[in-house]
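Novice: Final position of the sequence shown in our numbering is 334; the numbers increase by one with none missing.
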Amino acid sequence: MKTFWKVFIVSFFFFIFAILLGSYSYIKSSGQKFIISIGAGEYAKEEKAQEEKDIQVKTYASLSEAFKDDSRLNVILLGMEDIRTDTIIFATFDLNTKKLDAISIPRDTYIHRKGHDRGEDRKINAIFGEHGIDGVKKAVSHILEGVPIHHYIILDYEGVENIIDSIGGVEVVVPFHMKYEDPTANPPLSIDIKEGKQILDGKKALGFLRYRKGNDNKSGYIDGDLGRIKAQQQFLKSLADKVLSYRLPLVVKNALEYVETDIRLWEALSYSRKALGIKPEDITFSTLPGKAELKRIQGRILSYFIFEPEEVKRRLEDIYNVNKESSQNP
Numbered sequence: 005m006k007t008f009w010k011v012f013i014v015s016f017f018f019f020i021f022a023i024l025l026g027s028y029s030y031i032k033s034s035g036q037k038f039i040i041s042i043g044a045g046e047y048a049k050e051e052k053a054q055e056e057k058d059i060q061v062k063t064y065a066s067l068s069e070a071f072k073d074d075s076r077l078n079v080i081l082l083g084m085e086d087i088r089t090d091t092i093i094f095a096t097f098d099l100n101t102k103k104l105d106a107i108s109i110p111r112d113t114y115i116h117r118k119g120h121d122r123g124e125d126r127k128i129n130a131i132f133g134e135h136g137i138d139g140v141k142k143a144v145s146h147i148l149e150g151v152p153i154h155h156y157i158i159l160d161y162e163g164v165e166n167i168i169d170s171i172g173g174v175e176v177v178v179p180f181h182m183k184y185e186d187p188t189a190n191p192p193l194s195i196d197i198k199e200g201k202q203i204l205d206g207k208k209a210l211g212f213l214r215y216r217k218g219n220d221n222k223s224g225y226i227d228g229d230l231g232r233i234k235a236q237q238q239f240l241k242s243l244a245d246k247v248l249s250y251r252l253p254l255v256v257k258n259a260l261e262y263v264e265t266d267i268r269l270w271e272a273l274s275y276s277r278k279a280l281g282i283k284p285e286d287i288t289f290s291t292l293p294g295k296a297e298l299k300r301i302q303g304r305i306l307s308y309f310i311f312e313p314e315e316v317k318r319r320l321e322d323i324y325n326v327n328k329e330s331s332q333n334p
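So, in structure tokens, the structure goes:
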């Protein structure tokens, strides 16, 4: 196994930080609700009640209409393996309802670019090396029905241990004994995590996110990369719960040096105002609809993830509150 930079979780982690960067102290109340401490209790209650009154869930006749009018914040989160994107997440946050949807896009997702006919080049993880972040944004938008992408976040793997340790670790259920050794990796890779429910520190969390299979090529996730994505999503749910109980600006300070993003400070402060109050149950994780498939390309048989456009469209229509009858009968 090479040195996979498993920044899936930390990229999302920082996304939460970024939109809450301007917040002050949080008070955790019953039902896992969070409010900002801004002064007199009655004023806070009145402001919260007015915000809830102002929230209106708007519906649209089509995705194109929703993309033009909707106020969602869309971000792609990238984890790198050298010049390849080992992890891609599309995260869309509704600034009004505080609902966040994250869609994992498998690195082997099939996408054929003109002039790039080799089998390896037909995977979405190969795009960054030649076309950079703009190329990845274009590819993700293409797969997701032309959805606009406003920002990107890239975070190197060194930040994983630092940030996870700064919040005291994350609790997960490890599905099986994860063991793998690769002394040739840079730095050397040694994963040894016992099966069962436990709190992972930064080093073990990184190993959990990097793990794919054992040295014997037999042990590991039965469904391969899709199994790893499910495990990462379990990790994210646990992380989100813990992250939202922290004084986020203090933790953000530990993450900034590891992050590359085009989210500017004033934008983060602006987003934070509307993001206050987000709860773990407001966050939904899913994987790009599709299935694994073998294809013969130039005499070689390679494994790809083939996304299903109709299912992708339906998923986005659910997120964007599109009236499906209207979209099918224009």
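Heads up, the beta-carbon is just placed ideally off N, CA and C, and yes, glycines get one too. Since we're looking at a predicted model, the values are computed, not measured.
For residue 76, does the count of other Cβ atoms within 10 angstroms reach 16, so buried, or fall short, so exposed?
Specialist: Your numbering for residue 76 matches position 72 in the sequence shown. That one is buried.
Novice: Can you name the start and end residues of the beta strand (DSSP E) that residue 88 belongs to?
Specialist: Residue mapping note: residue 88 aligns to position 84 of the sequence shown, counting from 1. Start and end: 88-97.
Novice: Quick one, which of 321, 142, 173 has its alpha-carbon nearest residue 246's?
Specialist: Sequence index remark: in the sequence shown, residue 246 carries index 242 (1-based). Out of 321, 142, 173, 173 has the C-alpha closest to the C-alpha of residue 246.
Novice: Does the segment 194-205 come close enough to the segment 123-135 that 3 or more CB-CB pairs lie under 8 Å?
Specialist: no
Novice: How would you call residue 397, buried or exposed, if buried means at least 16 neighbouring beta carbons within 10 angstroms?
Specialist: This structure leaves residue 397 out entirely; the chain is present only between 5 and 334.
Novice: With a CB to CB cut of under 7 Å and the five nearest residues on each side skipped, what residues in its chain are close to residue 88?
Specialist: Looking up residue 88 in the sequence shown gives position 84. The beta carbon of residue 88 lies closer than 7 Å to those of 129, 130, 132, 133 in the same chain, with the five residues before and after it left out.
Novice: Looking at residue 137 and residue 145, is the spacing between their C-beta atoms short of 7 Å?
Specialist: Within the sequence shown, residue 145 is the residue found at index 141, counting from 1. Within the sequence shown, residue 137 is the residue found at index 133, counting from 1. Contact annotation: residue 145 and residue 137 have beta-carbon atoms that are not nearer than 7 Å.
Novice: For residue 181, which of 187, 192, 202, 171 has the nearest alpha-carbon?
Specialist: For the purposes of this step, residue 181 is taken as the residue at position 177 of the sequence shown. Among 187, 192, 202, 171, the Cα nearest to that of residue 181 is on 202.
Novice: Can you give me the C-alpha to C-alpha distance between residue 212 and residue 119, rounded to a whole angstrom?
Specialist: Residue numbering aside, residue 212 sits at position 208 when the sequence shown is read from its first letter. Residue numbering aside, residue 119 sits at position 115 when the sequence shown is read from its first letter. Taking the straight line joining both Cα atoms gives about 37 Å.
Novice: If contacts are defined as beta-carbon pairs under 8 Å, then residue 217 and residue 224 qualify, I think. What distance do you get, rounded to the angstrom?
Specialist: Stepping through the sequence shown from its first residue, residue 217 is reached at position 213. Stepping through the sequence shown from its first residue, residue 224 is reached at position 220. Right, the Cβ-Cβ distance comes to about 3 Å (below 8 Å), so this counts as a contact.
Novice: Would you say residue 323 and residue 73 are within 7 Å of each other, going by their C-beta atoms?
Specialist: Residue 323 sits at position 319 when you count from the first residue of the sequence shown. Residue 73 sits at position 69 when you count from the first residue of the sequence shown. Not closer than 7 Å, so no.
Novice: If residue 80 and residue 94 are in contact, beta carbons under 8 Å, what's the gap, nearest whole angstrom?
Specialist: On the sequence shown, position 76 is the one that residue 80 refers to. On the sequence shown, position 90 is the one that residue 94 refers to. Yes, they are in contact, since the Cβ atoms of residue 80 and residue 94 sit about 6 Å apart, within 8 Å.
Novice: Kindly indicate which three-state DSSP category residue 202 falls into: helix, strand or coil?
Specialist: Counted from its first residue, the sequence shown places residue 202 at position 198. Strand.
Novice: Where does residue 289 sit, in a helix, a strand or coil, going by DSSP?
Specialist: Along the sequence shown, one-based indexing puts residue 289 at 285. In this structure, residue 289 counts as strand in the three-state DSSP scheme.
Novice: Please state if the CB of residue 293 and the CB of residue 326 are separated by a distance shorter than 7 Å.
Specialist: Against the sequence shown, residue 326 aligns to sequence position 322. Against the sequence shown, residue 293 aligns to sequence position 289. Result no, Cβ atoms of residue 326 and residue 293 do not sit closer than 7 Å.
Novice: Who are the Cβ neighbours of residue 124 in its own chain at under 8 Å, not counting the five residues just before and after it?
Specialist: Locating residue 124 in the sequence shown gives position 120, counting from the first residue. The beta carbon of residue 124 sits closer than 8 Å to those of 130, 306, all from its chain and outside the five residues before and after it, given in chain order.
Novice: For the segment 87-161, which segments carrying the alpha helix (DSSP H) assignment without a break, of at least 4 residues, lie completely within its bounds, in sequence order?
Specialist: The segment 87-161 contains, as complete alpha helix (DSSP H) runs of 4+ residues, the segments 131-147 (chain order).
Novice: For the putative contact between residue 158 and residue 314, defined by C-beta atoms under 8 Å, what is the C-beta separation to the nearest angstrom?
Specialist: Counting from one through the sequence shown, the residue named residue 158 turns up at place 154. Counting from one through the sequence shown, the residue named residue 314 turns up at place 310. Residue 158 to residue 314, Cβ: 31 Å. No contact.
Novice: Quick check: residue 164 and residue 242, are their CB atoms within less than 7 Å of each other?
Specialist: Locating residue 164 in the sequence shown gives position 160, counting from the first residue. Locating residue 242 in the sequence shown gives position 238, counting from the first residue. Contact flag unset, no.
Novice: Which of the three DSSP states is assigned to residue 69 in this structure?
Specialist: In the sequence shown, residue 69 corresponds to position 65, counting from 1. In this structure, residue 69 counts as helix in the three-state DSSP scheme.
Novice: Here's the rule: buried if 16 or more other CB atoms are within 10 angstroms of the residue's CB, otherwise exposed. What is residue 321?
Specialist: Indexing the sequence shown from 1 puts residue 321 at position 317. Burial call: buried.
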